[in-house]
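Here our numbering is used: the first residue of the sequence shown is 2, the next is one more, and so on.
Structure first, commentary second.
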Amino acid sequence: MSAAEIGPAKLVTIERHILDEQAKAPHASGDLTNLLYDLALAAKIISCQVNKAGLCDILGRAGAANASGDDVKKLDVFADRWIFRALDHTGRVAVMASEEAESIIPIPEKFRCGKYVLLFDPLDGSSNIDCNAPIGTIFSIHKKISQGERGTLEDCLQPGHRQIAAGYVLYGASTMLVYTTGNGVSGFTLDASIGEFLLSHPNIRMPERGKIFSVNESNSIYWDPRMRAYVDWVKQEDKPTQRPRQARYIGSMVADVHRTLIYGGLFMYPGSRKDPCGKLRLLYEASPLAFILEQAGGRATDGRRRVLDIEPSSLHERTPLFMGSREDVLEVESFLNGEHPASPR
Ligand code: FDP
């Protein structure tokens with residue numbers, strides 16, 4: 002039975018919701034509305050392919066490494082192409098950048114007049130593709146700031162606090178699209194029987210404090226002693242501080258962050274002796290997800306600085322990351338800067 006057949010009091014499609022949001026901004030031209038709708042279309046196409054991935058020849062490696070040195074999977078390539086195709090001819094985007102491409106992606110000359118900049122990670126959590134675990138798409142939208150006709154690298158290298166919109170699509174037990182335009186966070190579930198994203202999670206607010214911590218602990222031998230001390234501390238028993246906390250780590254950032262948004266808690270990918278800046282990309286992963294979590298009442302830092310205030314210097318820059326419920330992030334920060342009594346001096 003589809004959600005439309007069950008008959009909710011008010012059926013809000015993503016299109017209607019985006020239009021309602023636009024109506025609150027009196028001078029809006031409708032371009033951002035359409036751009037978000039184009040992204041929802043790309044998400045439906047990718048979701049459709051992900052859902053039947055085991056049945057067609059789309060699993061496995063594409064046979065190359067991407068700009069960050071990761072193995073490229075066939076689904077990565079498919080998602081990357083479809084996002085580009087859904088948006089390259091609309092006249093709304095001046096330039097794009099993808100986690101899969103080394104440099105900025107120019108828009109064909111006759112459609113180059115757009116005023117927006119789109120950065121995206123077409124398929125996050127690639128290592129989970131072949132085992133049917135949740136994966137995602139992440140997007141970040143900025144206004145074009147350069148003066149010339151075409152979008153440039155400068156347009157892509159803007160700090161996260163200048164984002165106009167950001168969102169992700171989670172291809173999980175169901176497909177969800179979650180986005181913000183800086184006015185709260187809304188979540189939509191894809192009803193595949195009618196091919197529509199329907200509003201299922203209006204005005205998402207995350208708990209101030211959570212019971213879950215999420216980190217790849219196999220890296221702990223390379224961590225700073227204070228980081229190790231924090232993870233040891235959350236596993237000890239102490240009822241007043243709600244310990245021990247529960248560990249959950251899927252290894253797909255979109256899925257781990259989505260759980261953190263809904264249940265509360267802490268998602269971390271710290272820097273280490275091996276990788277001082279961690280693994281996650283500032284522009285394609287950290288910044289858009291930080292915008293969403295902040296809009297839902299959460300906090301996101303690199304351990305010292307607000308993620309949204311980091312000035313990017315290159316497209317594929319990485320950043321250590323601590324994001325989630327406000328109090329949990331403040332707590333790990335107090336360990337990292339040596340202020341917590343249980344933190345090594
Ligand atoms: P993946 O390599 O599978 O694409 O940045 C990509 C990412 O996944 C994130 O989605 C995920 O949170 C992280 O890497 C997992 O990294 P580890 O395997 O090092 O834990």
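Just so you know, even glycine gets a beta-carbon here, dropped at the ideal spot from N, CA and C.
For clarity, every value in this text was computed on a predicted model and none was experimentally measured.
So Gly265 packs on Pro271, CB below 8 Å; how close in whole Å?
Reading the sequence shown from its first residue, position 264 is the one you call residue 265. Reading the sequence shown from its first residue, position 270 is the one you call residue 271. The Cβ separation is near 20 Å, so there is no contact.
Mind checking whether the beta-carbon of Arg327 lies closer than 8 Å to any heavy atom of the ligand FDP?
Stepping through the sequence shown from its first residue, residue 327 is reached at position 326. No, the ligand FDP has no heavy atom inside 8 Å of this Cβ.
In this structure, does DSSP put Thr261 in helix, strand or coil?
For the purposes of this step, residue 261 is taken as residue 260 along the sequence shown, with counting starting at 1. Here Thr261 sits in helix by DSSP.
Looking at Phe140: is its Cβ nearer than 9 Å to the Cβ of Leu119?
The sequence position of residue 140 within the sequence shown is 139, counting from 1. The sequence position of residue 119 within the sequence shown is 118, counting from 1. Going by C-beta atoms, Phe140 is nearer than 9 Å to Leu119.
Return yes when the C-beta of Asp71 is under 8 Å from any heavy atom of the ligand FDP, and no when it is not.
On the sequence shown, residue 71 is found 70 positions in, with the first residue counted as 1. Relative to the ligand FDP, the beta carbon of Asp71 is positioned inside 8 Å of a heavy atom.
Between Phe189 and the rest of its own chain, which residues show a CB-CB distance below 7 Å, the 5 nearest in sequence each way excluded?
Position 188 of the sequence shown holds residue 189. Once the five neighbours on either side are set aside, the close Cβ partners of Phe189 are Ile15, Met177, Leu178, Phe198, Leu199, Leu200, Ser201.
Opposing strand residues paired with Tyr172 [DSSP bridges]
Taking the first residue of the sequence shown as 1, we reach residue 172 at position 171. Answer is Ile136, Thr176.
For the beta strand (DSSP E) holding Lys45, just list the boundary residues, first then last.
As a first step, residue 45 must be located in the sequence shown, where it is residue number 44. Premise fails: Lys45 lies in the alpha helix (DSSP H), 32-52, not in any beta strand (DSSP E).
Buried or exposed (CB count within 10 angstroms, at least 16 for buried), Pro277:
In the sequence shown, counting from the first residue as 1, residue 277 sits at position 276. In summary, Pro277 is exposed, with fewer than 16 beta-carbon neighbours lying within 10 Å of its beta-carbon over all protein chains present.
Cβ pair Arg319, Leu281 closer than 9 Å
Within the sequence shown, residue 319 is the residue found at index 318, counting from 1. Within the sequence shown, residue 281 is the residue found at index 280, counting from 1. Yes, the Cβ-Cβ distance between Arg319 and Leu281 is below 9 Å.
Unbroken stretches of the beta strand (DSSP E), 3 residues or longer, contained in the segment 261-300:
Taking only runs of at least 3 residues, the beta strand (DSSP E) segments lying wholly in the segment 261-300 are 267-270.
Assumed close pair Val51, Tyr180 - CB separation to whole angstroms, cut-off 8 Å
In the sequence shown, counting from the first residue as 1, residue 51 sits at position 50. In the sequence shown, counting from the first residue as 1, residue 180 sits at position 179. Not a contact, Cβ separation roughly 19 Å.
Beta carbon of Asp81: closer than 8 Å to some heavy atom of the ligand FDP?
Mapped onto the sequence shown, residue 81 falls at position 80. No, the beta carbon of Asp81 sits no closer than 8 Å to any heavy atom of the ligand FDP.
Residues in the same chain with beta-carbon distance under 6 Å from Pro289, minus the five sequence neighbours each way, listed in chain order, please.
Taking the first residue of the sequence shown as 1, we reach residue 289 at position 288. Excluding residues within five positions, the ones whose Cβ falls inside 6 Å are Ile139, Ser141, Ala167.
Using the three-state DSSP reduction, which class does Met97 fall into: helix, strand or coil?
Numbered from 1 along the sequence shown, position 96 holds the residue referred to as residue 97. Strand, per DSSP.
According to DSSP, is Asp303 helix, strand or coil?
Taking the first residue of the sequence shown as 1, we reach residue 303 at position 302. Looking at Asp303 - three-state DSSP - the assignment turns out to be coil, as it is neither helix nor strand.
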